[in-house]
Amino acid sequence: MTVSGKDITEGVFLQDNNGEAAYSLWNTDLKYNTMTFTVGHVDGTYEDDSTLEVYLDGELSTSYDLKWDGAPQTISLPLNRAANVKLLLTTSPDWNSRAAYGIYDISFS
Numbered sequence: 001m002t003v004s005g006k007d008i009t010e011g012v013f014l015q016d017n018n019g020e021a022a023y024s025l026w027n028t029d030l031k032y033n034t035m036t037f038t039v040g041h042v043d044g045t046y047e048d049d050s051t052l053e054v055y056l057d058g059e060l061s062t063s064y065d066l067k068w069d070g071a072p073q074t075i076s077l078p079l080n081r082a083a084n085v086k087l088l089l090t091t092s093p094d095w096n097s098r099a100a101y102g103i104y105d106i107s108f109s
């Protein structure tokens, strides 16, 4: 995938499918305090803004507004002793929405 002109060879590709959210899950085994990653709009995909919701152990922790024409954002999440992390990409419930965002440079500490 390409994000803001940069080729990304390792990461997660999340694409809204006609208003249906896309997600990615991680099991931390309670080993980490922080998750850090960069998120940005994938070049050449639908030009839709989105929201990235972060769930820790099934509870909404925080959310981030993602602008299709904005710069990639690097986010550091405190995991608050969570065993499971879910990143949920949501876009407008428009049937023509297929926005795609890449999550990359993922690390746990």
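The sequence shown begins at 1 in the numbering used here and counts up by one.
Glycine included, C-beta positions come from ideal geometry on N, C-alpha and C.
Being a predicted model, the structure only gives us computed values, none of them experimental.
Just grab the DSSP bridge partners of A100 for me. On the sequence shown, residue 100 is found 100 positions in, with the first residue counted as 1. According to DSSP, A100 bridges with Q15.
8 Å contact criterion, which F13 and A100 should meet: CB distance rounded: Locating residue 13 in the sequence shown gives position 13, where the first residue counts as 1. Locating residue 100 in the sequence shown gives position 100, where the first residue counts as 1. F13 to A100, Cβ: 6 Å. Contact.
Express the C-alpha separation of V3 and G58 in angstroms, rounding to a whole number. As a working mapping, residue 58 is identified with position 58 in the sequence shown. As a working mapping, residue 3 is identified with position 3 in the sequence shown. Roughly 29 Å between the two C-alpha positions.
Assuming the contact rule is C-beta atoms closer than 8 Å, V54 and T45 should be a hit. Round their C-beta distance to whole Å, please. The sequence position of residue 54 within the sequence shown is 54, counting from 1. The sequence position of residue 45 within the sequence shown is 45, counting from 1. Not a contact, Cβ separation roughly 22 Å.
Nearest residue (CA-CA) to N17, options L52, G102, L89: The residue labelled residue 17 in the question sits at position 17 within the sequence shown. Looking at the Cα atoms, L89 is the closest of the given residues.
Helix or strand or just coil, what does DSSP make of E59? Position 59 of the sequence shown, counted from the start, is the residue given in the question as residue 59. DSSP places E59 in strand when its eight states are reduced to three.
Are the CB atoms of L66 and M35 within a distance shorter than 8 Å? Stepping through the sequence shown from its first residue, residue 35 is reached at position 35. Stepping through the sequence shown from its first residue, residue 66 is reached at position 66. Taking 8 Å as the Cβ cut-off, M35 and L66 do not qualify as a contacting pair.
Going by DSSP, name the residue or residues bridged to Y23. Here residue 23 refers to the residue found at position 23 when the sequence shown is read from its first residue. L88.
So if DSSP puts E53 in a beta bridge, which residue, or which two residues, is it bridged to? Taking the first residue of the sequence shown as 1, we reach residue 53 at position 53. Note: E53 sits in a beta bridge opposite S63, L88.
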